[in-house]
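Protein chains in written order, with my numbering: chain A, 1 to 164; chain B, 1 to 100; chain C, 1 to 608. Think of the CB as a built atom: it goes at the ideal place given N, C-alpha and C, for glycine as much as any other residue. Below is one structure, written out as structure tokens; the observations come after it.
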Amino acid sequence: MTLETMGFGVVATVLLASSLAVVLTPNLFHAVLYLAAALVATGVVFLLLEQPFLFAVQLLLYAGGVVTIVVFAIMLTERLVGERIAQTSRHVVNGAIVAAAVFVGIVGFLIGAPPGAPRPAETVDTTAAIGRALVGPFAVTLELLGVLLVVALLGALYFARSEE
Amino acid sequence: MIGLPAYLVLGALVFSIGLFGVLTRRNAVGILLGIELMLNAVNINLVAFARFNGDVAGLVFTLFTISITVAEVAVGLAIVIAIFRVRRTVEADRLDLLRG
Amino acid sequence: MAPSVWLPLLVLGLPFVAFVLLAVVAPLRRVGPRAGLVSIGAIALAFGAALTVWTEGFVSETTWAWIPADGGPIATVGLLVDPLSNAMLVLVTLVSLLVQIYSLAYLGDERPASLGRYYTYQSLFAFSMLGLVLAPGFLQMFVFWELVGLCSYLLIGYWYERPAAARAAVKAFWITKLGDVGFLIGIVLLWSATGTFEFTDLFEKAQEHALAIAGLPTIMFLIYLGAVGKSAQFPLHVWLPDAMEGPTPVSALIHAATMVTAGVFMVTRTEPLFALVPEVLTLIAWVGAFTALLAATMACVEADIKRVLAYSTISQLGYMMAAAGAGAAYAAAFPHLLTHGLFKALLFLAAGAVIHAVGTNDIFRMGGLFRAMPQTGVVFIVGTLALAGVPPLAGFYSKEAVLGGVWEAHLTGPFLMLALTALLTAFYMFRVVFITFFGRAHAAAHPHEAPWLMRGPLWLLAALTVLVGVRLALGGAEGHEETPAWLAPLSVGLALVGFALAWAMYQRRLIDPARIAGALAPIDYLARRRYGLDALYAGLYRGFILGFSRLVGWIDRYLVDGVLNVLTALTLRGGDALRRIQSGRAQDYVYGVAFGLLLLIVGAQLWR
């Protein structure tokens with residue numbers, strides 16, 4: 001067992017455990033914290049795939065931004081309702097069956113798939129490649145994304161504004 | 001060496017867990033968390049494919065997904081708060097105005 | 001445009017203008033008598049134009065393309081002006097004019113709006129009849145043929161509040177339609193065989209012996225069926241007596257002088273075509289003669305004065321058809337049509353004056369009317385003499401021509417029937433005359449002479465009947481050369497026998513009518529019941545059409561509606577059941593998405 005394999009096993013275990021905790025824990029606040037853990041674990045997976053830039057983005061935007069917003073929202077609603085919000089689940093068995101079926105379906109593809117080529121060695125600086133792609137073939141998409149973020153910001157402000 | 005299938009199975013597992021969360025959570029914020037998990041699973045897939053095929057497009061897509069997810073979470077939570085103001089609840093079960 | 005074209009067009013157009021004016025301008029129609037003046041003015045001008053056309057002897061044919069197609073129009077409309085249509089134009093406009101004037105007084109008690117409606121129909125009828133007369137082809141003729149049928153329906157049902165009138169109108173319409181179906185099929189078959197509707201084209205082909213179509217007898221028989229319905233030939237004659245429910249002037253115009261003769265006119269017009277099928281001609285002659293005799297026997301037992309005249313009309317139409325069937329359409333049938341149009345209109349209008357005076361149609365409730373209304377009596381007797389065929393009145397010559405034509409064609413059976421009919425004609429007409437004008441007066445009634453608006457047309461028609469007869473007597477020598485010498489004495493003798501019988505039975509009471517009836521009991525029984533034909537038609541109508549309608553109604557109610565009800569119920573139930581799928585909860589919809597994803601996955605793996 002190489003170091004890499006061991007690292008992957010640990011990271012995968014952490015990721016799956018925290019993901020399960022996100023969907024199972026009754027405490028909403030705890031669920032958000034587990035989500036943060038899962039997101040960080042995902043970032044580590046990126047790191048295992050030799051993508052330090054994406055790891056950084058994942059930490060900054062996701063684990064930093066998203067989790068913060070969600071915590072804000074939870075605290076806001078809890079303050080409004082005046083009590084701790086308990087998380088309950090519905091149709092747990094049904095949901096588990098469907099989710100498992102989807103998983104089996106996806107794995108079915110992997111079983112039938114031809115064995116992939118081994119991982120090629122990293123030759124170029126991927127961060128620089130991403131930067132070139134963003135201002136090259138994906139420039140228009142990038143601009144559109146900027147527009148989308150502005151619209152989302154305004155929309156969020158509009159929805160969340162107080163009535164008075 | 002860890003092969004591509006390992007990453008893909010990991011992504012599928014996380015995706016299924018996220019789907020399970022979306023299907024079973026009563027709280028709207030909980031549902032949003034499930035969606036986050038699903039999107040993360042997709043990101044793992046994208047990056048893994050990009051890395052094993054040596055294609056930078058997958059990485060760029062991941063970047064876009066992350067950004068869009070942020071926007072989605074912001075708008076989604078704003079909607080949750082707006083609903084909460086009106087209905088005094090964020091239980092998805094009780095938001096059934098569209099019932100036929 | 002030459003006068004030989006625009007004058008006939010004027011004749012045709014004036015009544016149409018009057019009709020459109022009265023039909024569209026409602027206030028004008030509602031004023032009643034003045035609306036009548038519009039119609040009368042138009043028809044008077046048309047009469048003047050028609051008279052010019054006739055005296056000038058115009059001949060022309062003008063056609064306009066109607067249904068354009070590759071390689072020339074399929075059909076044309078236009079005017080066919082020749083001696084035949086010229087004479088008919090004069091007859092139609094003259095009788096229309098007199099009837100419309102007469103109606104001003106006869107229908108003077110009507111509500112103004114109703115009277116306006118009446119004159120609207122009258123104008124439409126005049127237009128339609130003139131269009132029929134001028135038609136240069138079968139298609140135009142058929143269109144106007146149906147239009148006059150429509151006018152007949154409208155005018156019979158003029159008093160549509162009366163159930164009997166409404167029923168009679170529907171009956172007339174349906175029964176003539178029976179014949180019209182054959183007419184239409186015949187026209188279309190002829191067209192598909194020859195590719196033309198035009199008379200002149202068809203006649204040319206007939207002369208060049210280029211009309212050797214298989215089934216031409218069938219086609220001509222079908223066309224003849226139209227004439228059977230329109231001209232009230234056996235067995236489709238039953239509508240005409242019932243049509244007497246309409247106002248009397250209408251009966252005079254449509255059901256005596258003009259529309260019912262359209263069948264005879266059509267056969268005359270297409271004589272070159274009928275000449276190609278001798279077997280159909282023989283059939284026409286036999287049916288015509290039989291119709292004449294049958295109707296005459298029914299007229300002998302009828303008590304309603306208008307119905308007597310109606311049966312007499314049927315009988316005379318049978319005469320004309322028999323002559324046409326004998327191949328003497330131009331020589332006998334058409335002249336008889338013209339003279340009959342004059343004196344039958346006269347008789348009807350005179351009968352109308354009588355009815356107007358006594359308020360009943362039943363001749364046995366009249367009597368001694370000659371003293372009260374001598375003028376009407378005189379003109380009625382003139383008409384009767386003309387109808388009975390007494391020289392030198394108009395009817396004598398045309399009737400003799402008919403008999404001569406049938407004799408010449410060696411149709412002995414029809415000839416004997418027609419001769420017997422001549423006797424019966426004189427008998428039943430003088431029966432009416434004696435009972436109505438000379439019998440014992442009924443004390444209750446105080447009849448009076450009709451107003452001059454009604455008497456004027458009567459006298460004019462009576463004078464014309466005499467004048468035409470005199471003119472025929474003076475100039476008719478060369479036209480009757482071929483008739484055997486014994487024919488004229490025979491027909492006069494038959495008329496005299498009929499007269500004497502009626503005189504003896506109803507005036508002198510030398511013979512008791514009841515004993516004659518007893519002696520001829522079976523015929524009397526059948527004639528009084530109209531030979532069961534009306535009952536037969538009614539039974540057929542009830543049994544077949546109403547039964548069929550009931551069947552269709554049942555199918556509609558229980559099968560068609562049932563299927564629809566089941567479908568709607570299923571849709572409702574299904575919708576109600578499917579509604580529950582829409583829980584309104586977003587997560588339930590995620591299940592749908594998940595299942596769709598599963599389906600895609602499974603599908604993709606199965607058909608990879």
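For valine 70 of chain B, the uninterrupted alpha helix (DSSP H) segment begins and ends at 56 to 87. Residues of chain B with a Cβ closer than 7 Å to the Cβ of valine 107 of chain A are, in chain order, Val9 and Ala12.
In the DSSP assignment, leucine 79 of chain C falls within the unbroken beta strand (DSSP E) covering 75 to 81. Secondary structure in the segment 11 to 94 of chain A: the alpha helix (DSSP H) runs of 4 residues or longer, each lying completely within the stretch, are 28 to 48, 52 to 57 and 67 to 81 in chain order. Its chain contains Ala441 as the residues whose beta carbon lies nearer than 8 Å to that of arginine 371 of chain C, once the 5 sequence neighbours on both sides are disregarded; these appear in chain order.
Against chain B, the beta carbon of glutamine 587 of chain C has neighbours under 9 Å at Val22, Leu23, Thr24, Arg25, Arg26, Ile31, Ala92 and Asp93, listed in chain order. Taking a contact as a CB-CB distance under 8 Å, the pair threonine 421 of chain C and alanine 296 of chain C counts as one, their CB atoms being some 5 Å apart.
From the beta-carbon of glutamine 582 of chain C, no residue of chain A is found nearer than 7 Å; the closest lies around 17 Å away.
Excluding five sequence positions before and after alanine 324 of chain C, the CB atoms of its chain that fall closer than 7 Å to its own CB belong to Val264, Val267, Thr268, Ile284 and Ala333, given in chain order. With a threshold of 8 Å between beta carbons, glycine 112 of chain A makes contact with chain C.
The beta-bridge partner set that DSSP reports for alanine 65 of chain C consists of C:Thr76. Legend: CB atoms of the segment 67 to 83 of chain B lying less than 8 Å from CB atoms of chain A belong to residues Ser67, Ile68, Thr69, Val70, Ala71, Glu72, Val73, Ala74, Val75, Leu77, Ala78, Ile79, Val80, Ile81 and Ala82.
Runs of alpha helix (DSSP H) with 4 or more residues, each lying fully within the segment 357 to 426 of chain C, are found at 369 to 372, 374 to 388 and 394 to 408, listed in chain order. The beta-carbon of aspartate 55 of chain B is placed no less than 8 Å from the nearest beta-carbon of chain C.
By DSSP's assignment, arginine 25 of chain B forms a beta bridge with A:Ser89.
The shortest C-alpha to C-alpha distance from alanine 82 of chain B to any of A:Met6, A:Gly155 and A:Gly131 is the one to A:Gly155. Around the C-beta of glutamine 207 of chain C, fewer than 16 other C-beta atoms lie within 10 Å, and the residue is accordingly described as exposed. With its beta carbon at least 8 Å from every one in chain B, valine 602 of chain C lies outside the interface. Here the alpha carbons of valine 277 of chain C and leucine 487 of chain C stand approximately 28 Å from one another. The beta-carbon of leucine 37 of chain B is placed no less than 8 Å from the nearest beta-carbon of chain C. Alanine 63 of chain A places its beta carbon less than 8 Å from that of valine 40 of chain A.
Here serine 60 of chain C is bridged, per DSSP, to C:Val81.
Any Cβ of chain A closer than 8 Å to the Cβ of leucine 606 of chain C would place that residue at the interface, and such an atom is absent. Contact check for serine 19 of chain A and valine 14 of chain B: beta-carbon distance about 5 Å, within the 8 Å limit, so the pair qualifies. About 5 Å separates the beta carbons of lysine 171 of chain C and aspartate 242 of chain C, which is inside the 8 Å limit, making them a contact pair. Contact note: valine 60 of chain B reaches chain A through Ile130, Ala133, Leu134 and Phe138, using a C-beta cutoff of 7 Å and chain order. A straight-line Cα-Cα distance of about 32 Å links valine 22 of chain A and valine 147 of chain A. Shortest Cα-Cα distance from glutamate 122 of chain A to any of B:Phe52, B:Val70 and B:Gly76 involves B:Phe52. Valine 492 of chain C and glycine 389 of chain C have their alpha carbons spaced roughly 7 Å apart.
If you look at tryptophan 145 of chain C, you'll find it in the alpha helix (DSSP H) that goes 138 to 156. Here valine 402 of chain C is near alanine 322 of chain C, since their CB atoms are less than 8 Å apart. For alanine 12 of chain B and arginine 90 of chain A, the gap between their C-alpha atoms comes out near 23 Å. Cβ neighbours of arginine 529 of chain C within its own chain (closer than 8 Å, five residues either side excluded): Ala535. Annotated as proximal: valine 11 of chain C and alanine 46 of chain C, with beta-carbon spacing under 8 Å. Under the three-state reduction of DSSP, glutamate 208 of chain C is assigned to coil, being neither helix nor strand.
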